[in-house]
Amino acid sequence: QKEVEQNSGPLSVPEGAIASLNCTYSDRGSQSFFWYRQYSGKSPELIMFIYSNGDKEDGRFTAQLNKASQYVSLLIRDSQPSDSATYLCAVVNYGGSQGNLIFGKGTKLSVKP
Amino acid sequence: EAQVTQNPRYLITVTGKKLTVTCSQNMNHEYMSWYRQDPGLGLRQIYYSMNVEVTDKGDVPEGYKVSRKEKRNFPLILESPSPNQTSLYFCASSLGRAKFFGPGTRLTVL
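Top to bottom, those sequences are chains L and H. Read left to right, the first sequence gives residues 3 to 115 (our numbering). Read left to right, the second sequence gives residues 612 to 721 (our numbering).
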C-alpha cells in the first residue's frame, strides 16, 4: 500500500513565525509532489508543487523535496492567522496516471495572533 | 471564470434511493476525478477519467458508478446509497498533474 504520511497536528505557531509542515511517502519512485491548503468546510486549493530535489519558493511559501529521504516539506514564512487551515500533502507515484494522486491525511495549522 | 461546479452542494437522502451528483468543468481538462473525504481517513479517490469514455477505479470504488460522455461532465452515481456513503464528496479536474477541486457535496444517507 503506497502511503503518504503527515503529522495530524494541530501545529500551533505565533503570528510572524515560520511554520514547518512535513510529509513522508512510501513509494521511492514517486515523481510529483503537491501541497494543498484546505480551510474548514471548503475544497482543497493547490498552493505549491515540486518535482525536483531541492527548494522551490513562491512568495511566503517554500517547498522542499529530498527524494533520497522520501521527504517533502512546506515552510510558511511570516505566518498569518489567515494561514490557519489544514495542509494536505499529495504525491503522484511512479507510473501513476495524472488521475492517481495519493493524499496524506493533512496537518492542521493554527496561527495565533 | 475557470471553475469546477458540483450539484447539489448538500443532499440528505435515504438508503437505497438512487442519486446522481453532477460535476462540470469549463477548463477543457481531459482528466477528472471523484474523491470522498472522511474524518481521520483523508481524501480517497473513488474514480477517475483520463478522457471521454475512459474511466478507471480509484481506491474506494465500491458502491459508485461514473460516466464520461462529454469532456466537461463527470457525474457520480450512487445506485443504492447506504449510510456508509455519508461523506463529503469532491470532484476535481486536472491540468498537468495539478488538480482543481469543486466546492464539494455533503451527502447524508439515512
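Just so you know, even glycine gets a beta-carbon here, dropped at the ideal spot from N, CA and C.
Beta-bridge partners of residue i, as assigned by DSSP
i: Y646 (chain H); result: H:Q656, H:F701
i: Y53 (chain L); result: DSSP lists no partner for Y53 (chain L).
i: K4 (chain L); result: Answer is none; K4 (chain L) lacks a bridge partner.
i: R39 (chain L); result: L:E47, L:Y89
i: E59 (chain L); result: L:T64
i: A21 (chain L); result: L:I78
i: S34 (chain L); result: L:V94
i: N662 (chain H); result: H:V665
i: Y73 (chain L); result: L:T26, L:N68
i: N618 (chain H); result: H:T633
Chain-ordered neighbours of residue i on chain L, where CB pairs are closer than 7 Å
i: P714 (chain H); result: S45
Residue i: contacting residues in chain H (beta-carbon distance under 7 Å)
i: F105 (chain L); result: G653, L654
i: L111 (chain L); result: Under the 7 Å cutoff, chain H gives no residues; its nearest Cβ is about 16 Å from L111 (chain L).
Residue-level contact to chain L via CB, residue i, 8 Å cutoff
i: F701 (chain H); result: yes
i: K628 (chain H); result: no
i: A613 (chain H); result: no
i: K668 (chain H); result: no
i: K676 (chain H); result: no
i: K710 (chain H); result: yes
Listed by chain order, chain H residues near residue i by CB distance under 8 Å
i: G61 (chain L); result: Chain H residues near G61 (chain L): none, gap ~17 Å exceeds 8 Å.
i: L90 (chain L); result: G653, L654
Inter-residue spacing [alpha-carbon to alpha-carbon] between residue i and residue j
i: S22 (chain L); j: V113 (chain L); result: 12 Å
i: T624 (chain H); j: V632 (chain H); result: 12 Å
i: G18 (chain L); j: I49 (chain L); result: 19 Å
i: G713 (chain H); j: I688 (chain H); result: 17 Å
i: H640 (chain H); j: Y658 (chain H); result: 16 Å
i: Y135 (chain L); j: L13 (chain L); result: Nothing about residue 135 (chain L) can be read from this structure; chain L reaches only from 3 to 115.
i: L116 (chain L); j: Q40 (chain L); result: Because chain L spans 3 through 115 in this model, residue 116 (chain L) falls outside it and cannot be assessed.
i: E690 (chain H); j: V677 (chain H); result: 11 Å
i: M643 (chain H); j: S32 (chain L); result: 21 Å
i: I52 (chain L); j: P619 (chain H); result: 34 Å
Interface flag, residue i vs chain H, CB-CB below 8 Å
i: G31 (chain L); result: no
i: L23 (chain L); result: no
i: L13 (chain L); result: no
i: L48 (chain L); result: yes
Neighbouring residues, chain H, relative to residue i (Cβ below 9 Å)
i: G108 (chain L); result: G653, L654
Helix, strand or coil at residue i according to DSSP, with G and I counted as helix
i: N684 (chain H); result: strand
i: N695 (chain H); result: helix
i: S635 (chain H); result: strand
i: S84 (chain L); result: helix
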